[in-house]
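Beneath this line is the structure, given in structure tokens, with notes to follow.
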Amino acid sequence: MTLLKDYHDTQKALEQQLSLLASLKKNSSLIKELEFEKKIKALMTRYRKTPKDLITLFDTTAPLTNTTVHERPVTYATGAKRLKKTPESKPQ
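Numbering (numbering that gives the first Met the number 0), first residue to last: 0 to 91.
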């Protein structure tokens with residue numbers, strides 16, 4: 000009988016947690032925080048920084064240290080330059 004009671008108690012707790020989760024997903028403050036978290040993680044990946052690096056960066060009590068940015072290089076599409084045709088360069 001104890002096992003059955005545990006099952007029902009767990010099931011009830013799960014339903015309550017799912018209800019809470021559903022209400023949190025609709026919370027505008029949480030939505031903004033999740034978007035912020037996503038953007039921070041993208042920036043951390045782009046600049047190859049860890050959470051510890053960010054804490055060090057924003058810690059106002061720590062002395063300033065040499066901070067370097069290791070940004071991934073950006074590649075741009077470049078086209079080949081065309082040569083101007085001259086009378087000498089025409090094929091015969």
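Where a beta carbon is used, it is the ideal one built from N, C-alpha and C, also for glycine.
- DSSP, reduced to helix, strand and coil, places Asp58 outside both helices and strands of the structure shown, so it counts as coil.
- With a cutoff of 9 Å on beta-carbon distance, Met43 and Leu53 are scored as near each other.
- Rounded to whole angstroms, the gap between the alpha carbons of Tyr46 and Ser27 is 29 Å.
- In the three-state reduction of the DSSP assignment, Lys48 falls in the coil class.
- The three-state secondary structure of Met0, taken from DSSP, is coil.
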